[in-house]
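What follows is a short report on a single structure.
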Amino acid sequence: MPTLFDPISFGSIKAANRVVMAPLTRARAGKDAVPTPIMAEYYGQRASAGLIISEAVGISRQGLGWAYATGIWNEEQVKGWKTVTDAVHEKGGRIVCQLWHMGRMVHSSTTGEQPVAPSPSTAPGHIHTYEGKAPYEEARALRLDEIPGIIEDYARAARNAMKAGFDGVQIHSANGYLLDEFLRDGTNHRTDAYGGSVENRLRLLREVTEAVIKEVGAEHVGVRLSPNGEVQGTIDSNPEAVFIPAAKMLNDLGVAWLELRESNPSSTFTFGGATEQPKLSPEIRKVFTRPLVLNQEYTRDEALKAVADGRADAISFGRAYIANPDLVRRLKDDLPLQDDDMATWYGPIGAKGYTDYPFAK
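Taking the numbering used here, I'd label the letters of the sequence shown as residues 14 to 374.
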């Protein structure tokens with residue numbers, strides 16, 4: 014069986030190892046959602062990962078309501094991301110762009126409009142705005158005539174990502190954002206073609222994936238799902254009935270890889286913690302035949318074992334990559350991991366807690 018440090022291909026992407034850098038929102042962009050020069054240094058430092066999945070990147074102003082997060086809907090943003098992808102490629106790395114519409118998880122002070130979702134609802138908790146933390150606002154239901162425009166936003170963002178030099182894209186359909194909100198019955202109460210039955214709730218993910226594949230080719234496309242537990246107030250009453258068909262659908266569409274962020278009874282994930290809903294990766298493994306990437310607080314030993322026994326083809330690490338730019342080496346040589354400073358997770362605060370973590374000697 015392969016090891017965590019053996020090469021793997023994610024569609025057209027040939028990765029040197031199976032250590033994946035998970036998407037991490039760090040909020041170091043400008044107010045125009047254009048990547049800043051320090052981001053090229055940050056990602057370049059982490060280029061030894063087999064594959065870097067970028068921070069979530071907004072496909073449109075409507076879909077990006079997190080202060081100082083990045084977008085990829087205009088030329089300036091494309092140019093900014095090109096400096097990042099160049100930095101990663103110069104060090105032999107591979108990087109894909111995670112395509113993001115936040116759905117109800119935005120704030121009008123950033124987007125200039127009321128949040129949108131499958132159905133009227135309000136997310137719990139608070140969001141980071143330019144004026145500080147603010148409670149989420151009630152989202153309105155998307156009209157049927159608006160949905161084609163959102164699908165086109167995904168296709169344009171995928172096209173822009175390839176123009177920016179990314180090796181591929183990942184469709185973010187997890188963590189309580191727009192596509193996830195359509196999948197789960199806790200947030201999707203529609204009675205039209207996009208709600209009700211599982212087939213209908215899968216429709217938007219299918220149409221977005223088809224549009225992105227048509228734009229950039231299935232060999233460049235991955236998807237992220239969070240199939241169990243509650244995330245940012247989004248949950249499904251019967252996730253097995255939704256996410257196993259979703260994985261089979263994605264397999265049939267030919268996406269190159271699938272990443273699952275799975276919660277467990279002891280999870281400490283910031284936006285969605287412990288759950289008693291079982292992990293679905295063993296069943297998803299039976300219907301998704303291309304590389305399966307698992308995520309959620311894996312230790313070194315757990316990651317080694319998951320790949321060695323065939324439960325996963327690769328493991329993605331999130332928080333461990335904040336403080337350990339050389340994570341692959343630290344895992345391979347069983348070196349101690351450095352602790353991150355939570356106060357510096359989100360910007361805009363420059364290099365501190367971002368690019369100043371030392372490499373192992």
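Even glycine gets a Cβ: it sits at the ideal position worked out from N, Cα and C.
How many angstroms separate the CA atom of residue i from the CA atom of residue j?
i      : j      : result
Ala336 : Arg39  : 12 Å
Gly363 : Arg203 : 43 Å
Ser25  : Arg156 : 36 Å
Thr2   : His233 : There is no way to answer for residue 2, as the model of the chain reaches only from 14 to 374.
Gln58  : Pro338 : 6 Å
Gly181 : Lys27  : 11 Å
Thr288 : Arg153 : 28 Å
Pro295 : Arg324 : 7 Å
Ala62  : Thr124 : 33 Å
Val101 : Ser210 : 43 Å
Gly43  : Thr49  : 7 Å
Ser122 : Leu293 : 37 Å
Lys299 : Pro252 : 16 Å
Pro240 : Phe256 : 6 Å
Asp137 : Lys374 : It should be noted that the sequence gives Pro, not Asp, for residue 137. About 44 Å.
Phe179 : Thr200 : 32 Å
Gly242 : Glu272 : 16 Å
Gly162 : Glu223 : 14 Å
Asp205 : Lys345 : 51 Å
Ser276 : Tyr207 : 26 Å
Report the residue from the options whose alpha carbon sits nearest the alpha carbon of residue i.
i      : options                        : result
Leu196 : His141, Arg153, Val229, Ala259 : Ala259
Glu68  : Ser61, Met52, Gln58, Gln75     : Met52
Trp358 : Ser250, Asp352, Tyr367, Gln351 : Tyr367
Thr16  : Gln183, Ile248, Arg313, Leu192 : Arg313
Asp347 : Tyr370, Ile328, Leu317         : Leu317
His139 : Tyr149, Phe372, His102, Glu296 : Tyr149
Lys261 : Val32, Arg59, Thr302           : Thr302
Ala231 : Pro128, Asn30, Pro361, Phe23   : Phe23
Arg172 : Asn188, Pro137, Gln111, Ala130 : Gln111
Pro291 : Val109, Ala325, Trp270, Ser250 : Ser250
Val91  : Ala170, Leu271, Gln351, Pro161 : Ala170
Tyr167 : Val225, Pro133, Asn201, Val236 : Val225
Asp353 : Leu344, Pro278, Arg332         : Arg332
Glu220 : Ile184, Gly189, Val320         : Ile184
Ala35  : Val244, Ala80, Ala327          : Ala327
Lys104 : Ala42, Leu307, Ile65, Lys44    : Ile65
Leu37  : Pro50, Tyr55, Ile21, Ala29     : Tyr55
Met14  : Gln351, Ala373, Ala319, Arg343 : Ala319
Ala177 : Pro128, Val109, Leu350         : Val109
What first and last residue would you give for the beta strand (DSSP E) that runs through residue i?
i      : result
Glu151 : Looking at the DSSP string, Glu151 is not in any beta strand (DSSP E), and its letter there is neither H nor E.
Ala327 : 327-330
Leu64  : 64-71
Gly235 : 234-238
Asn308 : 305-308
Thr142 : 139-142
Glu243 : Here Glu243 belongs to no beta strand (DSSP E), and DSSP marks it neither H nor E.
Met34  : 32-34
Arg274 : 270-274
What are the boundary residues of the alpha helix (DSSP H) that includes residue i?
i      : result
Gly178 : Careful: Gly178 lies outside any alpha helix (DSSP H) and carries neither H nor E.
Arg5   : Because the chain is modelled from 14 through 374, residue 5 falls outside the range shown and cannot be assessed.
Ser22  : Per DSSP, Ser22 belongs to no alpha helix (DSSP H); it is in the beta strand (DSSP E), 21-23.
Thr124 : 121-124
Met52  : 50-58
Met14  : Unbroken run through Met14: none, as it is neither H nor E.
Ile26  : Premise fails: Ile26 lies in the beta strand (DSSP E), 26-28, not in any alpha helix (DSSP H).
Lys318 : 313-321
Pro291 : No alpha helix (DSSP H) holds Pro291; DSSP gives it neither H nor E.
Thr222 : 211-229
Would you please state the rounded distance, in angstroms, between the beta carbons of residue i and residue j? I believe it to be under 8 Å.
i      : j     : result
His114 : Ser73 : 7 Å
Ala82  : Gly71 : 6 Å
Leu340 : Val32 : 6 Å
Mind checking whether the beta-carbon of residue i lies closer than 6 Å to any heavy atom of the ligand GTP?
i      : result
Val182 : Ligands in the displayed structure: none, and consequently the ligand GTP is not present.
If you measure from the beta carbon of residue i to each beta carbon in chain C, is any gap under 7 Å?
i     : result
Met14 : Note that chain C does not occur in the displayed structure, where there is just one protein chain.
At least three beta-carbon pairs within less than 8 Å, the segment 213-221 to the segment 139-153: no
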